[in-house]
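In what follows, a single structure is set out as structure tokens and then discussed.
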Amino acid sequence: MGMTHAVKVEEATVLFEDFKALDGVNLELPVGKIIGFIGPSGAGKTTLIRAVVGRQRLSRGAITVLGVPAGTAELRSRLSYMTQENSVYPDLTVRQNLRYFSTMFGVPRAKVADEVSRLLAVMTMQSQADQLVRSLSGGQKQRVSLAVALISEPELMVLDEPTVGLDPVLREQIWAIFRKLAANGTSIIITSHVMDEAERCDDLVLIRDGKVLAHGSPSGLCEQTGTKTVEQSFLQLVGAQA
Amino acid sequence: MTLRKTFATALRVLEQLSHDPRTLVMVLIVPSILLIILRYVYDGEQLVFDSIAPMILGIFPLIMMFIITSIATLRERTIGTLDRLMTFPLSKLDFIFGYAIAFALLALLQAVIASTVVLGLLGVTVLGGTLPVLISAVVAALLGTSLGLFMSAFATSEFQAVQFMPAFVFPQLLTCGLFIARDHMATVLQWFANVMPLTYSVDAMKQVTLHATWTSTLTKDLLIVIMYGAVVLILAGLTIRRQER
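Chains as they are written, first to last, in the working numbering: chain A, 1 to 242; chain B, 243 to 487.
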């Protein structure tokens, strides 16, 4: 492919009237890694990923995704986006949801059934396949939403709080899936405000008040701040900023 | 735009409705029940009922489809599915026409049931025959779907979406010629009625009722409703944005 970065962000600024949701963000995110956007609620994580997937227009700056400008039509079949809401239809069954989204993603007609079976197996949801999504538990709905993001295993997956509400066993399974995808070259961006999630990422971007406080590996950030955990690093960086 | 994705969206909307039997019953059966009630409101005045029942057959699909489309589309916005779909490789037209096809089919079914009740059970005579009644009803439903898709962009809750019905549809209902001939209304209201689509939907049903053949006025009325629906559908497309500011 020859791509050096999955995502390159240059001076990205988003203004909502007088409020700066993003304030001159610069980032270069590597290919085939799990990258965590970590920060408190309201830090700007969701705005940044919405800009990456092309849903949020920048007031200033530029974002390049997989070598082309964010929001370009060709990216729509190369990336997936999981929003904070479940973003699946509660009044359809799990199978109907996966079939619909697979069709809309452009999976060939002859392969839709196989893709749906694959997604059900990956998420271990075969026994819930014909249940309405509205009758599922919160964690199961989350898995359906994640399954939609896995359709056709795109080059870049952008996932907003993908493991919120999942039990520890399932969270382990999901992280194993992320690891396998990244090993095969998929770049994964996840947001989280939970610091123990951060330790699992290859690369971390600490965000607060629309700005990047730090960017590096979990161990690198701890080394840089002389702390033992990412949470301590984050708190130290926030303290230094204040 | 790809036909496969458009029809997949239509199928998905119909599948959603199939899991909601209460809504289906409301949409398909309630108009017929209301028409039966109306028939006995005009008990002893069969001629009056005969003249207004076909017009109501043109109004119900518009109102019903307006309400369910505006709420269904609003739900797409609030539960995040529209947000997600806008990052997918699909045209906005796939989404919009998918809704239009699904609700046109539903409206056809509604019109078949209501027409069977009005023309069969209640014995109302329509000189133009059943087919023009069904065509006019489906055209009215498509207009209701377009208006619902468009108006949903201006609602932030289902409560607001429902309020658009009295705010937007009732003025048209009062001035469309159902209650009183339009030339008996104040001039300003006549102007208003002349630019509102429900007027032409009701006029189309009047034509079907009074003429045994397909008249040029019927064609004109239906074309106005179709063009109005198409323009509103385009405006609805503009309210769905790939990128937000």
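Every residue, glycine too, gets a C-beta built ideally from N, C-alpha and C.
* So does the segment 348-360 of chain B actually touch the segment 253-272 of chain B, counting three or more Cβ pairs closer than 8 Å? -> yes
* Asked: At a Cβ threshold of 8 Å, is B:Phe291 touching chain A?
  -> No, no contact with chain A.
* If we count the other Cβ atoms within 10 Å of its Cβ and call it buried at 16 or more, is A:Gln142 buried or exposed? -> buried
* Near B:Gln288, which residues of its chain fall below 6 Å by C-beta distance, leaving aside the five closest residues on each side in sequence? -> Taken in chain order, the list of residues that qualify is empty.
* Asked: If you drop the 5 nearest sequence neighbours on each side, which residues of the same chain put their C-beta closer than 7 Å to that of A:Ile107?
  -> In the sequence as presented, Ile is not what sits at residue 107 of chain A; that position holds Val. Contacts found: Glu115, Ile151 and Ser152.
* chain B within 8 Å of A:Lys141, Cβ atoms only -> Judged by the 8 Å Cβ criterion, A:Lys141 is not in contact with chain B.
* Asked: Taking the C-alpha atoms as reference points, what is the distance between A:Tyr89 and B:Ser394?
  -> 18 Å
* To do: Examine chain A for any beta-carbon lying closer than 8 Å to the beta-carbon of B:Pro331, and answer yes or no.
  => yes
* Asked: What is the rounded straight-line gap between the Cα of A:Ala51 and the Cα of B:Leu304?
  -> 38 Å
* Buried versus exposed, by CB contacts within 10 Å (16 or more), B:Met192 -> Outside the shown range of chain B, which is 243 to 487, sits residue 192 of chain B, and nothing can be said about it.
* To do: In angstroms with no decimal places, state the Cα-to-Cα distance between B:Ala397 and B:Leu316.
  => 7 Å
* Are the C-beta of B:Met328 and some C-beta of chain A separated by less than 8 Å? -> yes
* With 8 Å as the threshold, decide whether the Cβ of A:Met123 is near any Cβ in chain B. => no
* Can you find at least 3 beta carbon pairs, one from the segment 205-218 of chain A and one from the segment 17-28 of chain A, that sit closer than 8 Å? -> yes
* Asked: Are the C-beta of A:Gln56 and some C-beta of chain B separated by less than 8 Å?
  -> yes
* Partner residues on chain A for B:Glu257, Cβ-Cβ distance less than 9 Å -> Tyr89, Asp91, Leu92, Thr93, Gln96 and Tyr100
* Asked: Is A:Ser233 close to chain B, meaning its C-beta is less than 8 Å from at least one C-beta of that chain?
  -> no
* Inside the segment 157-206 of chain A only - beta strand (DSSP E) runs reaching at least 3 residues -> 187-192
* **Check: B:Thr372 C-beta below 7 Å from any heavy atom of the ligand GDP** => Although the ligand GDP was asked about, the structure shown includes no ligands whatsoever.
* **Contact set between B:Arg281 and chain A, taken where Cβ atoms lie within less than 9 Å** => Using a Cβ-Cβ cut-off of 9 Å, B:Arg281 is close to nothing in chain A; its nearest Cβ partner there is about 35 Å away.
* **Limits of the beta strand (DSSP E) - the one that A:Ile35 falls within** => Its beta strand (DSSP E) spans residues Ile34 to Ile38.
* Asked: Mind pulling the chain D residues with CB within less than 7 Å of A:Arg76?
  -> Judged by its chain identifiers, the structure shown contains no chain D, and its protein chains are A and B.
* Asked: So is A:Arg55 buried or exposed if we call it buried at 16+ other beta carbons inside 10 Å?
  -> buried
* Asked: Helix or strand or just coil, what does DSSP make of B:Thr315?
  -> helix
* To do: Answer with yes or no whether the minimum CB distance from A:Val53 to chain B is below 8 Å.
  => yes
* chain B contacts made by the segment 149-164 of chain A, where a contact means CB separation under 7 Å -> none
* **Burial state of B:Phe392, where buried means 16 or more other Cβ atoms lie within 10 Å** => buried
* Asked: Which value, in whole angstroms, describes the spacing of the CA atoms of B:Leu384 and A:Thr46?
  -> 37 Å
* For chain B, is any of its Cβ atoms less than 8 Å away from the one on A:Phe105? -> yes
* Taking only the alpha-carbon atoms, compute the straight-line gap between A:Met1 and B:Leu270 and give it to the nearest angstrom. => Low per-residue confidence applies at A:Met1: pLDDT is 48, beneath 50, and the placement is therefore not dependable, though the value from the model is reported in the following sentence. The alpha-carbon atoms of A:Met1 and B:Leu270 are separated by roughly 55 Å.
* Asked: chain A partners of B:Thr323, CB-CB under 8 Å?
  -> Taking the beta carbon of B:Thr323 as reference, the chain A residues within 8 Å of it are Ser87, Val88 and Tyr89, listed in sequence order.
* Asked: In chain order, which alpha helix (DSSP H) runs of at least 4 residues are fully inside the segment 399-459 of chain B?
  -> 400-406, 412-417, 429-437 and 439-452
* Output the residue ranges of the beta strand (DSSP E) runs that lie fully inside the segment 261-334 of chain B and measure 3 residues or longer, sorted by chain position. => Within the segment 261-334 of chain B, no complete beta strand (DSSP E) run reaches 3 residues.
* With 8 Å set as the bound, which would you pick, yes or no: does the beta-carbon of A:Leu132 sit closer than that to a beta-carbon of chain B? -> yes
* Interface residues of chain A around B:Arg264 at Cβ under 9 Å? -> Taking a Cβ-Cβ threshold of 9 Å, none of the residues of chain A is close to B:Arg264; the smallest such distance is about 12 Å.
* Other residues of its chain near A:His244: CB distance less than 8 Å, five sequence neighbours each side excluded -> Outside the modelled stretch of chain A, which goes from 1 to 242, sits residue 244 of chain A, for which no answer is possible.
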